[in-house]
Structures are given as structure tokens and as C-alpha cells.
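Report on the structure given below.
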Amino acid sequence: MLSGSLFRKILLFSLPLLASGVLQQSFNAVDVAVVGRFSSHQALAAVGSNGAIINILINLFIGISVGANVVIANYIGRKNHDGIRKSIATVTAIALLSGVFLLFIGITLARPILELMSTPDDVIDLATKYLQIYFLGMPFMMIYNFGAAVMRSMGDTKRPFYSLVVAGIVNTLLNLLLVIKFNMSVEGVAIATVTANAINAAFITYWLRHEASPFTLKLRETRIHRGEMKKMLQIGVPAGIQGMVFSIANIFIQSAINHYGSNAIAGSAAALNYEVYCYFIMTAFCQAAVAFVSQNYGAGLYDRCRRVFRLCMLMSVVCCGAANVIIALNADLFLSIFTTNPEVMAYGVTRLHCVLLLQFLASSYEISGSALRGLGYSMTPTILTIFGTCVLRLIWIYTVCADNTNFELLLYIYPITWVITGSAVYIAYRRISQKVYSERLKKV
Numbered sequence: 079m080l081s082g083s084l085f086r087k088i089l090l091f092s093l094p095l096l097a098s099g100v101l102q103q104s105f106n107a108v109d110v111a112v113v114g115r116f117s118s119h120q121a122l123a124a125v126g127s128n129g130a131i132i133n134i135l136i137n138l139f140i141g142i143s144v145g146a147n148v149v150i151a152n153y154i155g156r157k158n159h160d161g162i163r164k165s166i167a168t169v170t171a172i173a174l175l176s177g178v179f180l181l182f183i184g185i186t187l188a189r190p191i192l193e194l195m196s197t198p199d200d201v202i203d204l205a206t207k208y209l210q211i212y213f214l215g216m217p218f219m220m221i222y223n224f225g226a227a228v229m230r231s232m233g234d235t236k237r238p239f240y241s242l243v244v245a246g247i248v249n250t251l252l253n254l255l256l257v258i259k260f261n262m263s264v265e266g267v268a269i270a271t272v273t274a275n276a277i278n279a280a281f282i283t284y285w286l287r288h289e290a291s292p293f294t295l296k297l298r299e300t301r302i303h304r305g306e307m308k309k310m311l312q313i314g315v316p317a318g319i320q321g322m323v324f325s326i327a328n329i330f331i332q333s334a335i336n337h338y339g340s341n342a343i344a345g346s347a348a349a350l351n352y353e354v355y356c357y358f359i360m361t362a363f364c365q366a367a368v369a370f371v372s373q374n375y376g377a378g379l380y381d382r383c384r385r386v387f388r389l390c391m392l393m394s395v396v397c398c399g400a401a402n403v404i405i406a407l408n409a410d411l412f413l414s415i416f417t418t419n420p421e422v423m424a425y426g427v428t429r430l431h432c433v434l435l436l437q438f439l440a441s442s443y444e445i446s447g448s449a450l451r452g453l454g455y456s457m458t459p460t461i462l463t464i465f466g467t468c469v470l471r472l473i474w475i476y477t478v479c480a481d482n483t484n485f486e487l488l489l490y491i492y493p494i495t496w497v498i499t500g501s502a503v504y505i506a507y508r509r510i511s512q513k514v515y516s517e518r519l520k521k522v
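Heads up, my numbering is the position in the sequence shown plus 78, with the first residue counted as 1.
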């Protein structure tokens, strides 16, 4: 990461991340597709509408894994082996504790949250079953995500991808077997996802235990080191809070969608899969920005940091924009994978045209925020994103859409908030990065 062609290295770093994100999302997408085609549209709504709930509970810890990535990458840039060892021991402890915590919270709060979201009566029982089984796999998911963060800080994005390939195949086969052969509906797809997450955790644990020093995972040395924990939390908690608040806003939007009935829920859920797929294109370049900026910043290569930002932004806008256009222009074809119900399809097409087509605009704040986190500034993009996306979306729901039954009008808030938030976070990045680089150069 510290020398050579940046374009090629960022691309080689990001492509496995992109593929990994697509495969990880495919666990849920395959769940949605199988129940949508071989069960009922209520089952499709039950599985597909739970994304915001899942994200609100796990995003804090996913954010902390970003903090771990930055801290370890910075230690690598400074060649601090003792810091690397302590960070890995701390990451392991956090993964185990957070996994158990999420398991308990998810199982106990599943139905109350669904009731608060005004989930329809013909969907809520199935949705509760899916969530409760899904959260049994939380310890495995946390082990994978924190372990993958360690590998990304080393520049290794390929092995986590290989793990997801195997887990994805197992998930798909189990989905088809349990739903079609044994008629298990949402229980079947949830069990398949838990099994896939367990496979991912096993692969990551094996690889880290056999990694060369100082990256070796030693279970006997697993404990929380306060210094490393503090650094991870300073960067990771704001990122996690941003994700949580973002998911809270999406829960309110999902609650508004729920009022349109199970067809709207199912159609929106089918379309949402493609939004998440395209979002992983952005997050691949976001993670590249975090890793490359933090290592080069630790090594004092500030011009290289600037080039990393420009390249990641360009690649995210172009790649995500191309995917957005291709899917939106072929909406019926892509949605037919999940459902053949014409009413469900109509709602799905509306969401693809109103939201997905302009999703590339979100690169403006995602890449800018990731570059700031690579520099150690995590709170600024968090505050701006919370206001620019979450607060404005809530205002939109309870003012503009309060007495309006227009489904399209509800969805327009997505591109509006992307433009506002992107402008604010980009300006913050330019000002902070110029100040930081100037101050560091004065000290040299």
C-alpha cells in the first residue's frame, strides 16, 4: 500500500471486497428469492423487510471493526509489531463478547421491534421466527467480520472472499433443500444463513491462527488491551453510531412502507436487495480508502493519501453508477428473480426507478467519510451524515408525507439526502485534510 501504482493496487484490493460484499448480501438475497418463488409473498415480506432491524443491532460493532482496521493498518505503516499483537488480541475479545450480546438482544427484542414498526398481522409471526433464528448466528458473524477487518488491514481481501464463496454455496443448497423439500419456509432460510455464518467463522479463525507473527491469533492471549481498545472505539464508535442512526431512519421509512400492505413490503424488499448489492460497490472502495489512507498517513506519505481519495471517489462513482443504470433499466428482469406477483413487481419497479437509479450519489459522503476515518477523524462525518440523512428523512416522513399516500413521494427523500449529505461531508474532508497535512509537514 505504501509504494507503486495506486490505481491497480486499489482495484486489486477492492474487487475481492466487492465480491465478498455481494456474496454476503446473497445470503439474504437467496433467502428472499427462495421464499418469494417457493413459499408466499408474506414470507417474502417477512424475510426481506428485516434488514433495517438486523443492521440497527449489529452496526455499532461493524463500526468498531472499521476502527480495528484503521488502528492495525496504522501500526503496520509504523512497523509496530507489539501494537499489532495487542490489537488482534483485543479484536478477538470484542468479537466474542459482541456476538453473545447480539444473540441475546436479537432473540428477546425481535417481536417488540416488529410491533413498533407496524408490521402487518399476516407477516409478523413469520418475521419474528426468521429474526430469532437468524440471531443465533451472531457470534459467528462477529467473528467473521472482525477477523476479516484484521485481514483487510494486512492488505488481504482474497481469503475472506474464498470463505464467502464456500459459505454462499452451502447457504443456497440448504435454502433449496429446507424450503422446497421440507417446506420450512422462513425457518429453513434462517437456518441456512446461520450455517453459512458458522462456516465463515471457522475459515477466518483457522487462517488467523496459522498466520505469521505478529498477526497470529492466539486464543490464550485473548483479552482487551485498554490502549488499543480506546483507539478502536474513538474511530469505530462514531462510525457504528452513524450506521445505527442510519438504520433507525430506515426503520421509520420501512414503517411508512408497511402501511401500504404486504405487497408493498415485498416489492420494496425485492428492490432493496439490488440497492444493497450496489452499495457494496461503494463500501469496497470505502474500505480501500480507509486502509490505504491510514497506512500512508502513518508512513507520512500525504500526497499519496490525496491520490487515494481521488481514485476511490472516481472508481466508486463510475462502478456504482454503471450498476445502478443497468439494473434500473432492466427492472422487470431483475425483480422476476424474487417474485412473479404483478402487484409486488409494480412496487419494486417504483423503488428501483426512484432510489436505485441515483444511488451513486451516496459515494460523495461515503468515500469522503472513509478518508476522514483513515486520518483518525471519525466524529465529523458521523455528525454530518446523521443530520444530512437521518434527521432530514424523519422530517420528510412526518411533514411532506404525513397526509400523502404517494409511494413515490416517500422514496424521493433518498436522492435528496444523498446530495445534501455528500456536499457537507466532502467540504469537511477538504478542510480537515488540508489542515492535518499542513500541520504534520510543519512538524517534520
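Heads up, the beta-carbon is just placed ideally off N, CA and C, and yes, glycines get one too. Keep in mind that this is a model prediction, so the values were computed, not measured.
Open item on the list: According to DSSP, is R301 part of a helix, a strand, or is it coil?
Closed with: coil
Open item on the list: Whether or not the region 464 to 482 and the region 340 to 358 are in contact is what I'm after, with contact meaning three or more pairs of Cβ atoms, one per stretch, closer than 8 Å; do they touch?
Closed with: no
Task: Coil, strand or helix - S81 by DSSP - done: coil
Task: Minimum C-alpha distance to P190 - residue among V244, L472, L180, I131 - done: I131
TODO: Return helix, strand or coil for G57, following the three-state DSSP convention.
DONE: The structure shown does not extend to residue 57, since the chain spans only 79 to 522, so no value can be given for it.
TODO: Look at the alpha carbon of H119 and the alpha carbon of S165, and state the distance between them as a whole number of angstroms.
DONE: 46 Å
Open item on the list: With a threshold of 6 Å on Cβ separation, who are the neighbours of Q210 within its own chain once the five nearest residues in sequence on each side are excluded?
Closed with: I185, A188
TODO: Look at S446 and M391 and say whether their C-beta atoms are less than 9 Å apart.
DONE: yes
- [ ] Output the distance between the C-alpha atoms of F85 and M232, rounded to the nearest integer angstrom.
- [x] 18 Å
Task: Limits of the unbroken alpha helix (DSSP H) element including L413 - done: 409 to 413
- [ ] Using the Cα positions of V243 and L450, report the straight-line distance between them to the nearest angstrom.
- [x] 32 Å
- [ ] Mind reading off the beta-carbon distance from L472 to F330? Whole number of angstroms is fine, and I expect it under 8 Å.
- [x] 6 Å
Open item on the list: At the level of alpha carbons, what is the spacing between N484 and Y476?
Closed with: 14 Å
TODO: Work out the CA separation of I359 and F218 for me, nearest whole Å.
DONE: 24 Å
Task: the region 459 to 466 contacting the region 423 to 434, beta-carbon criterion three pairs below 8 Å - done: no
TODO: With G345 as the anchor, note down where its alpha helix (DSSP H) starts and where it stops.
DONE: 340 to 376
Open item on the list: Tell me whether the region 233 to 253 and the region 298 to 318 touch, counting them as touching only if at least three CB pairs, one residue from each stretch, are closer than 8 Å.
Closed with: no
Task: alpha helix (DSSP H) runs contained entirely in the region 381 to 454, provided each spans 4 or more residues - done: 409 to 413, 420 to 432, 441 to 452
TODO: Tell me, to the nearest whole angstrom, how far the beta carbon of L413 is from that of G426; I am working on the premise that it is less than 8 Å.
DONE: 4 Å
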